[in-house]
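Participant: Sequences listed follow chains V and C, in order. Heads up: the first sequence at position 148 corresponds to 148 in the working numbering, and the numbers run straight through without jumps. Plus 1000 on top of the position in the second sequence (first one is 1) and you've got the working numbering.
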Amino acid sequence: MKRRITEIIMKGLMLLSVATIMMVLLYILYIVARRGLHSLSWEMVTSLPTGGYYLGKEGGIANAIVGSLMMIVAATLLSLIISLPTALCINFVMRRNGRLARSSRFMFDVLFGIPSIVYGAFGFLLMMWLGVQASLLGGTIAVALLIMPIMVRAIDEVAILVPSDLTEAVFSLGATRYEMLKVVVRQLRPGIVSATLLAVGRGIGDAATVLFTAGYTDSIPVTPYDPAATLPLAIFFQLSSPIEEVQNRAYAAALILTAMILVISFVVRALARYSRK
Amino acid sequence: MKLSRRIKDLTATRLMMVATLMAFALMIIIGVVLAVKSEQILSGHSLWSLLGSSVWKPMKGEFGFLAFIAGTLAVTALAIVLALPPALLASIWLSEYAGERIRRLFAPVIDLLAGIPPVVYGVWGTLTLVPLISETIAPLFVDFSTGYSLLAGGVVLAIMVIPLMMGLFGELFASIPRDLREASLALGATRWETARRVVVRKALPGIVATVVLAISRAFGETIAVMMVCGNVADMPGSLFNPVYPLPALIANNYGEMMSMPDYESALMLAALILFVIIIAFNAISHAILHRLKQRIA
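What follows is the structure, given as structure tokens:
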């Protein structure tokens, strides 16, 4: 009898948790959407802020949208150049479960856990040392640092599943290690794609890394040394304005950013499903 | 073997080693750079007086980090305490009770929610949660609260890490073999008993790893917390008082304080403290995980 009662109570608690969590999260989306949709317009996506934009006059945040996109593309490429070889190295060059591979994994766990603000501050120091002002380049470096461990871990998670039969089969055909890796990379391609998109989602939404490193501007950066506006900062700055019109635009910008990230994660999911077939 | 193949092979392997070493070096460089930058403040004050005091008056040269460290820990702890039970229960329900169709419906939703950027949660917090606390919840307990408080920070963080936890828990429970559950049910255990004694027990190392990840995430979260926690450098006294976590301290002041070397150095020390806590935390959790795995296997 007591066991029956426990069962019923726990089931009730579980249902309550599911319902609460879903309600709260959907409510958040609803609130942001309700206030954002009002001020969301085509103009906001396509035009640059004009002089009176921050007082509630016309203009848009195309500068931040384009700035964010440029930065995330550059940062992702930069970080992929480091993280793909690293993940392959841990799995196929080092002894798979040897001490070196294990301590590398530990180190990437640590790097993964380092707060984005620390990457932002470190990126800023690095820029000062290199003599670079707050710019697209600076922001790109900081974001690349932030997403590098995310990518390594995500690629590692799929690379670890590659059976050693495969690598041995390739070796037994007389291939060199480099040629073996080419086969492995083909095998890992869906995993690499989803790791990249995961990193993109995280990198594009992070404000703390770009706070000191990217600067902010009303125009679209032309060279890597120009400051660049980013969406998370655009949201943050507009929200701190006392003018309600401008605040509402912060919600609209949040909606744009959320929509961009949702599209990205939909693509990830679709690709993951596609690759399983 | 043709020479060109050997050369290609050698260069590729070497380059990969270099990439890995660079990543290795990155961690050491970050630590060293932060330590060098904090040297200025450490040479003027003893470490004990910096970490043990909660007096923060940069203009008078007093830099006490205790309130910030306590604020960070309080917000993180509150977030995990609030997030873990419902996330775990909900994940157990999804994996052990709900049908395949419901699971397939929920999985993308959880993924989407995990992808929402922190600043959006911060926006929601300022818009809804802060007024709710100051107008409805706080008056029940204290005389006055602006709403920008430890509670607001903890709740926003909890809501942020719940989708992260549920996504990982879901994968974890799905990886546990069906046979184990059926064996338990066949012996007459109820579903809850099976979930608790078999599924959760078997998944324990993974659950610990997930919680570690969630803590790291909550611990370093800057923007969402900064928007709702009030940013006042007091020791966290009640849920309705404002707190000032370390990441927010850096974000609010860094860049503007370049003219004051002591202040800048103090902020670098703040970053160093975050860095050291994360390393220590990862080391401890790795040790725990190692022992757990040995005990279960």
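Every residue, glycine too, gets a C-beta built ideally from N, C-alpha and C. Source: prediction; values computed, not measured.
At a cut of 8 angstroms, does the segment 240–257 of chain V reach the segment 34–45 of chain V through at least three beta carbon pairs?
Facilitator: yes
Participant: Once you ignore the five residues that flank residue 1219 of chain C on each side, which residues in its own chain have a CB closer than 6 angstroms to its CB?
Facilitator: 1076
Participant: Under 7 angstroms, CB to CB, which of the residues in the segment 211–235 of chain V have a partner in chain C?
Facilitator: Going along the segment 211–235 of chain V in chain order, one finds 211, 212, 232, 235 with a Cβ nearer than 7 angstroms to chain C.
Participant: Tell me, please, whether the segment 1020–1030 of chain C touches the segment 101–112 of chain V by the rule of three or more beta-carbon pairs shorter than 8 angstroms.
Facilitator: yes
Participant: Determine the direct distance from the alpha carbon of residue 1216 of chain C to that of residue 128 of chain V, and round the result to whole angstroms.
Facilitator: 28 angstroms
Participant: 8 angstroms is my cut-off, CB to CB: does residue 1216 of chain C come that close to chain V?
Facilitator: yes
Participant: Could you give the residue range of the alpha helix (DSSP H) that holds residue 112 of chain V?
Facilitator: 99–113
Participant: Residue 236 of chain V: which of C:1009, C:1083, C:1234, C:1223 sits nearest, CA to CA?
Facilitator: Ranking C:1009, C:1083, C:1234, C:1223 by CA distance to the CA of residue 236 of chain V puts C:1223 first.
Participant: Just to confirm my understanding: we take residue 1055 of chain C, look at its own chain, exclude 5 residues before and 5 after, and list those with CB closer than 6 angstroms. What are they?
Facilitator: 1062, 1064
Participant: Which residue marks the beginning of the alpha helix (DSSP H) containing residue 1102 of chain C, and which one marks its end?
Facilitator: 1100–1115
Participant: Hey, residue 87 of chain V and residue 156 of chain V are a contact pair by Cβ (cut 8 angstroms); roughly how many whole angstroms apart?
Facilitator: 5 angstroms
Participant: Below 7 angstroms CB to CB, which residues in the same chain sit around residue 341 of chain V once its five sequence neighbours on both sides are set aside?
Facilitator: For chain V, the structure presents residues 1 to 277; residue 341 of chain V sits outside this window and is missing.
Participant: Just to confirm, are residue 1086 of chain C and residue 21 of chain V a CB contact at a threshold of 8 angstroms?
Facilitator: Yes.
Participant: Counting Cβ pairs, one atom from each stretch, are 3 or more of them under 8 angstroms apart for the segment 1003–1012 of chain C and the segment 172–182 of chain V?
Facilitator: yes
Participant: Work out the CA separation of residue 110 of chain V and residue 1279 of chain C for me, nearest whole Å.
Facilitator: In a straight line, the C-alpha of residue 1279 of chain C is about 6 angstroms away from that of residue 110 of chain V.
Participant: Per DSSP, residue 1230 of chain C forms a beta bridge with which residues?
Facilitator: C:1243
Participant: Taking all protein chains shown into account, decide if residue 1124 of chain C is buried (16 or more other Cβ within 10 angstroms of its Cβ) or exposed.
Facilitator: Under this definition residue 1124 of chain C is a buried residue.
Participant: At 8 angstroms on the CB atoms, spell out the chain C contacts of residue 122 of chain V, in chain order.
Facilitator: 1030, 1033, 1034, 1271
Participant: Taking buried to mean at least 16 other C-beta atoms within 10 Å of its own C-beta, is residue 1305 of chain C buried or exposed?
Facilitator: With chain C running from 1001 to 1297 in the structure shown, residue 1305 of chain C is simply not present.
Participant: With burial defined as no fewer than 16 other Cβ atoms inside 10 Å of the residue's Cβ, what is the status of residue 1179 of chain C: buried or exposed?
Facilitator: Answer is exposed; the Cβ neighbour count stays below 16.
Participant: Can you check which of these residues, C:1119, C:1286, C:1204, C:1140, is closest to residue 207 of chain V by C-alpha distance?
Facilitator: The residue among C:1119, C:1286, C:1204, C:1140 with its C-alpha nearest the C-alpha of residue 207 of chain V is C:1119.
Participant: Please confirm if residue 1219 of chain C has its CB atom under 8 angstroms from at least one CB of chain V.
Facilitator: yes
Participant: Out of V:186, V:61, V:23, V:19, which one is the CA nearest neighbour of residue 39 of chain V?
Facilitator: V:61
Participant: Looking at the unbroken alpha helix (DSSP H) that takes in residue 4 of chain V, where does it start and where does it end?
Facilitator: 2–39
Participant: For residue 1232 of chain C, collect the residues of the same chain with a Cβ closer than 7 angstroms to its Cβ; drop the 5 residues on either side in sequence, then sort them by chain order.
Facilitator: 1242, 1244
Participant: Would you call the segment 61–74 of chain V and the segment 1152–1167 of chain C in contact, with 3 or more CB pairs under 8 angstroms?
Facilitator: no
Participant: Exposed or buried, what is residue 1045 of chain C when buried is set at 16 or more other beta-carbons lying within 10 Å of its beta-carbon?
Facilitator: buried
Participant: Would you identify the three-state DSSP class for residue 1144 of chain C, choosing helix, strand or coil?
Facilitator: coil
Participant: Rank V:227, V:16, V:202 by C-alpha distance to the C-alpha of residue 115 of chain V and give the top, closest one.
Facilitator: V:202
Participant: For a contact defined as C-beta to C-beta under 8 angstroms, what are the partners of residue 1099 of chain C on chain V?
Facilitator: The premise fails here: residue 1099 of chain C is roughly 13 angstroms from chain V at the closest Cβ pair, so nothing lies under 8 angstroms.
Participant: Measure from the C-beta of residue 237 of chain V to each C-beta in chain C and report whether the shortest distance is under 8 angstroms.
Facilitator: Interface flag for residue 237 of chain V against chain C is unset, since no Cβ pair is found closer than 8 angstroms.
Participant: From what residue to what residue does the alpha helix (DSSP H) around residue 232 of chain V run?
Facilitator: 231–239
Participant: By the 10 Å Cβ neighbour count, where 16 or more other Cβ atoms means buried, how is residue 63 of chain V classified, buried or exposed?
Facilitator: buried
Participant: Just the Cα atoms here: how many angstroms apart are residue 8 of chain V and residue 2 of chain V?
Facilitator: 10 angstroms
Participant: Report back the beta-carbon spacing between residue 14 of chain V and residue 1089 of chain C to the nearest angstrom; my notes put them in contact at under 8 angstroms.
Facilitator: About 5 angstroms separates the beta carbon of residue 14 of chain V from that of residue 1089 of chain C, a gap short enough to meet the 8 angstroms contact definition.
Participant: Measure the CB-CB distance between residue 137 of chain V and residue 123 of chain V and report whether it falls below 8 angstroms.
Facilitator: no
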